[in-house]
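Chains as they are written, first to last, in the working numbering: chain A, 53 to 233; chain B, 440 to 532. From the three backbone atoms N, C-alpha and C, an ideal C-beta is built for every residue, glycine too. Just so we're clear, the structure is a prediction, and the values are computed from it rather than from any experiment. Report on the following structure.
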Amino acid sequence: MKTILDYIHRETWSPYVAGILLGVVAIAAVWLSNNLLGASGAFENLAGMIGKAIAPKAFDNLYFNFIMPPGITYGVMMLVGIFFGGMIGAATSGTLMWGKKGATNSDAQWKRIFGPQVWKRWLLAFLGAIILEYAAGIAGGCTSGLVISGGMLIAPAAFIFMGGMFASGIITAWVIYRRRY
Amino acid sequence: MSTLIIALVLGVFFGFSLNKAGLTRYHKIVNIFRFTDMAVLQFIMTALTVAMIGLFSLRALGLLTFPNIPATYVVGNLVGGLLFGVGMALTGY
């Protein structure tokens, strides 16, 4: 029992142990609710909700009516859970940065490459997230909704997506890091 | 309603495992693309293997049916993937 508790308090688990946990969660999602894991779709549900309230005309299209219906969906609830699950994970290992100094730009490697400015971190995160969400919309899923959920059902889409993701990810990382690659 | 609660609980475990595998950290994500830290890949592949074995055995036993499999449209999946990689390397998502 003590070993298990000690393990929970560790900051990083062996990726194999964490992977087994995620695999079991993915099975549970299908078994208990006949649904898949996902994160990116929830943002579109929420965006649809806000959009319908502010500009109902612009959001009255095929995409937001049928493909990504707005509202508090399964995915939105899961996203809320992911947020708190991540916080619990950080809290158990004592690395929760909520409200602490330097919390918004805390990654040493990021600071070395881009600089210590907080606004830069926010700007890049914002722009990068736009790219991410848009790409996930085109492909029909993100790393969780397509790579993990699709991959475990052996969907061809997941493996095509993974190939593209790694190809451009490696190129982008190379462009950013250059000599430090 | 009950499925929403299930989603919330599953999400908590999902987020917990992501945090413990280090996927909430920028350098972990970027370093797969630099081939210096393969933890994320080990994590994803382990999850995939466990889930595949579990799901296909449970289906063979007739205990569950698969939900809709993500649609395959080669150009969309590929273009989406290519764009996604850029965002991933930039933000460390």
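* Give the residues from the segment 448-467 of chain B that approach chain A closer than 8 Å (Cβ to any Cβ), ordered along the chain. => Taking a C-beta cut-off of 8 Å against chain A, the contacting residues of the segment 448-467 of chain B are V448, L449, G450, V451, F452, F453, G454, F455, S456, L457, N458, K459, A460, G461, T463, R464, Y465, H466, listed in chain order.
* Inter-residue spacing [alpha-carbon to alpha-carbon] between A/I236 and B/F455 -> For residue 236 of chain A there is no data in the structure shown, the boundaries of chain A being 53 and 233.
* Could one say the Cβ of A/V170 lies closer than 8 Å to chain B's Cβ atoms, at least one of them? -> For A/V170, the answer is no, since every Cβ of chain B falls outside 8 Å of its Cβ.
* To do: Using only alpha-carbon positions, find the residue among A/R62, A/G127, A/F218 that is nearest to A/A143.
  => Closest option to A/A143, Cα to Cα, is A/R62.
* Considering only the beta carbon of each residue, do A/G100 and A/M120 sit closer than 8 Å? -> Going by C-beta atoms, A/G100 is nearer than 8 Å to A/M120.
* Buried or exposed (CB count within 10 angstroms, at least 16 for buried), B/P509 -> The residue is buried, with at least 16 neighbouring Cβ atoms inside 10 Å.
* **Contact set between the segment 205-220 of chain A and chain B, restricted to residues whose Cβ is under 8 Å from the partner** => Those would be L205, I206, A207, P208, A209, A210, I212, F213, M214, G215, G216, M217, F218, A219, S220, in chain order.
* Anticipated Cβ contact below 8 Å, A/A70 with B/F482, distance rounded -> So it is a contact: roughly 6 Å between Cβ atoms.
* To do: Report the option in B/G520, B/L487, B/N458 whose CA atom is closest to the CA atom of A/V136.
  => With the sequence shown as reference, residue 136 of chain A is identified as Phe, and Val is not the correct amino acid for it. When each option's Cα is compared against that of A/F136, the closest is B/N458.
* Give me the Cα-Cα distance between A/R232 and A/A225, rounded to the nearest whole angstrom. => In this structure, the alpha-carbon of A/R232 lies about 10 Å from that of A/A225.
* Is the shortest distance between the beta-carbon of A/Y115 and the beta-carbons of chain B less than 8 Å? -> No, because no Cβ of chain B sits closer than 8 Å to the Cβ of A/Y115.
* To do: Please list the partners that A/N86 has in chain B, where partner means a Cβ-to-Cβ separation under 9 Å.
  => Contact annotation for A/N86 against chain B: T442, L503, T504, F505, P506 [CB-CB distance below 9 Å, chain order].
* Asked: At least one CB of chain A closer than 8 Å to the CB of B/A499: is that the case?
  -> No - not a single Cβ of chain A is within 8 Å of the one on B/A499.
* To do: List the whole-angstrom C-beta distance separating A/F166 from A/L179, where the pair is believed to meet the contact cut-off of C-beta under 8 Å.
  => Wrong, their Cβ atoms sit about 12 Å apart, outside the cutoff.
* Under the assumption that B/F523 contacts A/A187 (Cβ atoms under 8 Å), give the Cβ distance between them as a whole number of angstroms. => A Cβ-Cβ distance of about 4 Å is found for the pair B/F523 and A/A187, placing them in contact under the 8 Å criterion.
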